[in-house]
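Heads up, the thing below is written out as structure tokens.
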Amino acid sequence: MTRPDILCIGSVLWDIIGRTDTSLRARGDVAGHITRLPGGVALNIAMTLARFGLRPAVLSAIGADTEGTELLAACEALGVETRFALRTDLPTDRYMAIEDTTGLVAAIADAHSLEAAGASILEPLSDGRLGTASAPWTGPIAVDGNLTEALLAEIAASPLFRAADLRIAPASPGKAERLIPVMRHPGATLYVNRQEAGLIAGCTPTTAAEAAQALIAAGAARALVTDGAHPAADAARGQPLLTCAARPVQARRITGAGDTFMATHLFAETRGHDRTEALTRAQAAAAAYVAFEDFAP
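Each residue of the sequence shown is one higher than the one before, starting from 1 at the first, in full-length UniProt numbering.
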């Protein structure tokens with residue numbers, strides 16, 4: 001069977017997103033649209049990479065219920081390999097968000113199945129299907145912050161990940177500090193927004209560049225920081241700081257923009273583009289995503 005190009009470890013769930021073209025700040029019930037789509041940080045990254053032509057596989061926990069079966073079928077139809085995912089007796093996880101013209105208003109992530117599964121989702125990396133402790137996986141691995149703090153710390157120290165190109169993404173600002181142990185892995189690249197960077201580094205940066213440098217000072221080997229419509233930054237230990245402006249667009253969606261940025265950046269680097277070009281492509285893809293425009297890697 002064909003080996004995956006990349007592993008995506010973390011949340012694979014249903015995104016339930018309510019969007020309205022009006023402001024909810026001073027209103028209650030408004031007209032809008034509600035969608036249910038395959039989502040979760042790990043799956044968002046995998047779906048984007050599959051669209052770019054890679055063969056991603058997800059390591060996650062998915063319920064053995066009807067929603068889980070439907071989710072697996074949707075993943076396979078989108079080119080995401082699910083044969084390494086763990087089926088559980090718990091309900092399939094879900095994420096619910098409300099967005100208006102100002103952006104994200106509120107969100108709730110129900111990742112109880114993933115959290116309860118713990119390290120059992122990593123078994124394919126140790127039982128020979130994807131690697132062993134003596135012959136670990138050597139390709140890129142995207143890891144998201146929906147994993148528990150204990151599991152992220154285990155990943156940081158595990159021999160199963162010692163040869164991996166780790167790409168780390170938070171699930172939300174509320175879970176950003178979980179990433180502190182794993183961001184210090186010598187092969188890790190951290191992708192966060194400015195707010196998340198400040199929570200991790202224990203400061204209040206005013207720009208992405210300042211935030212990225214603070215993460216390096218806090219022990220990260222490399223950090224990419226986004227800041228919405230403002231410039232993004234790429235800081236790496238021993239390398240020059242890079243920044244890239246964002247293209248002004250009318251934002252029509254928010255959820256998934258950071259995952260698109262990360263997936264595009266990762267894809268660009270797997271295709272041999274240098275740091276400057278990879279950052280430029282990632283910024284362009286994120287802008288196109290929030291504007292509901294087509295984009296190519």
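For every residue, glycine included, the Cβ atom is placed at its ideal position computed from N, Cα and C.
Closest by C-alpha distance to T207, out of A287, E293, A235, G187, is A235. Between P159 and the set A135, W14, A291, the nearest pair of CA atoms involves A135.
Residues I34, T35, R36, R94, Y95, M96, A97 of the same chain have their beta carbon placed closer than 8 Å to that of I16, with the five preceding and five following residues left out of the count. For the region 192 to 253, the full-length alpha helix (DSSP H) segments reaching 4 residues or more read 194 to 201, 208 to 217 along the chain. Sequence-distant partners of R178 (beyond 5 residues in either direction) whose C-beta falls short of 7 Å from its own C-beta, in its chain, are G145, E149, L152. Looking at the DSSP output, W14 sits in a beta bridge with P38, R94.
The beta carbon of A218 is closer than 6 Å to those of A201 in its chain, skipping five residues each way along the sequence. In the structure shown, H265 falls within a helical segment according to DSSP collapsed to helix, strand and coil.
Beta-bridge analysis with DSSP links P56 to I6. Taking the Cβ atoms as the reference, T88 lies roughly 25 Å from A133, outside the contact range of under 8 Å. The residues R252, R253, in chain order, have a CB closer than 8 Å to that of F292 in the same chain once the five nearest residues on each side in sequence are set aside.
By the Cβ rule, the region 4 to 24 counts as touching the region 100 to 116, because three or more pairs are nearer than 8 Å.
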